[in-house]
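Shown next, in structure tokens, is the structure this report addresses.
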Amino acid sequence: MRDLKHRTVFVTGASSGIGKACATLFAEAGANILLAARRIEKVNKLSEELRKQYKIKTKEIKLDVRNYDEVTKTLSLIDDQWKQIDILINNAGLARGFDKIHEGKVEDWDEMIDTNIKGLLFVTRRVLPLMVERKSGHIINIGSIAGHETYPSGNVYAATKFAVNALSKSIRMDALDKGIKVTSIDPGLVETEFSLVRFSGDEKQAKSVYNGLTPLTANDIAETVLFCATRPENVNINEMIITPLAQASTAHYYRKS
Ligand code: NDP
Ligand code: 8X3
């Protein structure tokens, strides 16, 4: 098992859900954490808690992954010690809306494509060269079961996660001779702010996604991310699909009552 002590882990979307849980578990394992999201007040709070509790180093960055100039400038301005990124967790992402494609909102499509595909690419474009230079690093993309199979009204969200799936495979090929690991973690239903964001703050609708079943927690996913990040040097986990017990596919759920 690889030791994470003093390693540098960069988590995008660290203000909530899976990203927050990853930042916490990696901090507990002794890694130094670079935390990024747009809601900097949430990032700052978590950062301070992690520093105090686990005696590690943290750095907060306010970042909108959709803006390539911002990604470039922010990452070029961080101290050299923080540029030695050992593990990048490309987690920032979202679903917007749940419309049939002929009724879909173009602004929702733009937001998902800009965040889930272009945002992941923008961050990777700035971080991967630093790993290539050092011939070492691990990129962990948070994809989705929706990157393997779609579902009614899942259309553009699923398309963005199919793209993440393709990019994980592509990065693995392009960086094959550079000693870089690439892993795709592909969850099913995880109860986070995800559904609240998808349904634009409608709490009742968001809650109904998890009716009658026990969804995964962000911590369940963070544990699998940590597992992948701590395999021996020669081992690369390519992808993992993780669902709650009550989910068999993007369209099959067993709901009690
Ligand atoms: P949350 O809504 O709880 O967290 C999403 C995170 O992404 C937030 O920290 C948010 O931060 C960040 N984010 C969103 N847009 C941007 C942006 N433009 N720039 C920077 N950060 C951004 O949802 P989850 O934790 O569930 O989602 C994390 C990932 O997991 C996503 O990629 C999602 O697609 C994926 N996933 C989730 C599943 C689920 O059922 N929950 C299942 C499968 C995959 P902020 O708003 O502060 O910028
Ligand atoms: C989130 C899981 O099934 O809601 O990626 O698309 S799903």
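Everything in the sequence shown is counted per numbering that gives the first Met the number 0, starting at 0 for the first residue and increasing by one.
Yeah, the Cβ is synthetic: ideal placement off N, Cα and C, and Gly gets one too.
My output table needs one value for Ile-240: the three-state DSSP class, helix, strand or coil. Here residue 240 refers to the residue found at position 241 when the sequence shown is read from its first residue. In this structure, Ile-240 counts as strand in the three-state DSSP scheme.
Identify the residues that DSSP records as bridge partners of His-147: which are they? Against the sequence shown, residue 147 aligns to sequence position 148. None, per the DSSP bridge assignment.
From Asp-63 to Arg-37, what distance separates their C-alpha atoms? Along the sequence shown, read from residue 1 onward, the residue named residue 63 stands at position 64. Along the sequence shown, read from residue 1 onward, the residue named residue 37 stands at position 38. Their Cα atoms are separated by approximately 6 Å.
Per DSSP, what kind of secondary structure is Phe-193 in: helix, strand or coil? If you number the sequence shown from 1, residue 193 lands on position 194. DSSP places Phe-193 in helix when its eight states are reduced to three.
Under the DSSP definition of a beta bridge, which residues are partnered with Asn-89? Residue mapping note: residue 89 aligns to position 90 of the sequence shown, counting from 1. According to the DSSP secondary-structure assignment, Asn-89 is paired through a beta bridge with Asn-140.
Cβ-Cβ separation, Thr-223 to Ile-184 (assumed contact under 8 Å), whole Å: Numbered from its first residue, the sequence shown carries residue 184 at position 185. Numbered from its first residue, the sequence shown carries residue 223 at position 224. At roughly 6 Å, the Cβ-Cβ gap stays under 8 Å, so Ile-184 and Thr-223 are in contact.
Would you report the Cα separation of Ala-245 and Ala-162, rounded to the nearest angstrom? Residue numbering aside, residue 245 sits at position 246 when the sequence shown is read from its first letter. Residue numbering aside, residue 162 sits at position 163 when the sequence shown is read from its first letter. The straight-line gap from Cα to Cα measures roughly 26 Å.
Tell me the residue span of the alpha helix (DSSP H) that contains Leu-33. As a position in the sequence shown, residue 33 is number 34, starting the count at 1. Boundaries for Leu-33: no alpha helix (DSSP H) harbours it, while the beta strand (DSSP E) harbouring it runs 31–36, taken from the DSSP string.
Could you compute how far the alpha carbon of Asn-237 sits from the alpha carbon of Glu-202? Translated into positions along the sequence shown, residue 237 becomes position 238. Translated into positions along the sequence shown, residue 202 becomes position 203. If I take the Cα positions, the gap works out to 35 Å.
Near the ligand 8X3: Ala-158 beta-carbon under 7 Å from a heavy atom: If you number the sequence shown from 1, residue 158 lands on position 159. For Ala-158, the Cβ stays outside the 7 Å cut-off from all heavy atoms of the ligand 8X3.
For the alpha helix (DSSP H) containing Glu-128, list its first residue and its last residue. What you label residue 128 is simply residue 129 of the sequence shown in a count that begins at 1. First, the residue type needs correcting, since residue 128 is Pro and not Glu in the sequence shown. Per DSSP, Pro-128 belongs to the alpha helix (DSSP H) from 119–133.
Look up Ser-167 in the DSSP assignment and say whether it is helix, strand or coil. Locating residue 167 in the sequence shown gives position 168, where the first residue counts as 1. Helix.
What are the partner residues of Asp-185, as DSSP defines its beta bridges? Sequence index remark: in the sequence shown, residue 185 carries index 186 (1-based). BP columns for Asp-185 point to Ile-240.
Would the segment 146–160 and the segment 88–106 be scored as touching if the rule is three or more Cβ pairs under 8 Å? yes
Looking only at its own chain, which residues have a Cβ that is under 6 Å from the Cβ of Asn-115, when we skip the five neighbours before and after it? For the purposes of this step, residue 115 is taken as residue 116 along the sequence shown, with counting starting at 1. Taken in chain order, the residues that qualify are Gly-92, Thr-159.
Buried or exposed by the 16-neighbour rule on C-beta atoms within 10 Å, applied to Asp-79: In the sequence shown, the residue the question calls residue 79 occupies position 80. Looking at its Cβ environment, which holds fewer than 16 other Cβ atoms inside 10 Å, Asp-79 is exposed.
Going by DSSP, what residues sit across from Phe-198 in a beta bridge? Against the sequence shown, residue 198 aligns to sequence position 199. DSSP output for Phe-198 lists no bridge partner at all.
Taking the beta carbon of Ile-254 as the centre, do at least 16 other beta carbons fall within 10 Å, making it buried, or is it exposed? To locate residue 254, count along the sequence shown from 1; it is residue 255. Before going further, note that residue 254 is Arg rather than Ile in the sequence given. When all chains shown are included, Arg-254 counts as exposed.
Indicate whether Asn-89 and Thr-11 have their beta-carbon atoms separated by less than 8 Å. Taking the sequence shown and counting its residues from 1, the one referred to as residue 89 is at position 90. Taking the sequence shown and counting its residues from 1, the one referred to as residue 11 is at position 12. The answer is yes: Cβ separation under 8 Å.
Roughly how many whole angstroms lie between the Cα atoms of Val-131 and Pro-231? Taking the sequence shown and counting its residues from 1, one reaches residue 131 at position 132. Taking the sequence shown and counting its residues from 1, one reaches residue 231 at position 232. The straight-line gap from Cα to Cα measures roughly 19 Å.
Should Ser-15 and Glu-192 be called a contact, given that it needs their Cβ atoms to be closer than 8 Å? Here residue 15 is taken as the residue at index 16 of the sequence shown, counted from 1. Here residue 192 is taken as the residue at index 193 of the sequence shown, counted from 1. Yes, the pair counts as a contact, with Cβ atoms nearer than the cut-off.
Quick check: does the Cβ of Asp-63 come within less than 7 Å of any heavy atom belonging to the ligand NDP? Your numbering for residue 63 matches position 64 in the sequence shown. Yes, the Cβ of Asp-63 comes within 7 Å of a heavy atom of the ligand NDP.
Pull the bridge partners of Thr-11 from the DSSP assignment, please. In the sequence shown, counting from the first residue as 1, residue 11 sits at position 12. BP columns for Thr-11 point to Ala-35.
Whole-number beta carbon distance between Val-8 and Asp-85, since they are thought to touch under 8 Å: In the sequence shown, the residue the question calls residue 85 occupies position 86. In the sequence shown, the residue the question calls residue 8 occupies position 9. Contact between Asp-85 and Val-8 holds, since their C-beta atoms are separated by about 7 Å, short of 8 Å.
Of all the options Arg-95, Ala-174, Glu-148, which has the alpha carbon lying nearest to the alpha carbon of Arg-124? Numbered from 1 along the sequence shown, position 125 holds the residue referred to as residue 124. Residue Ala-174 is the option with its Cα nearest to Arg-124.
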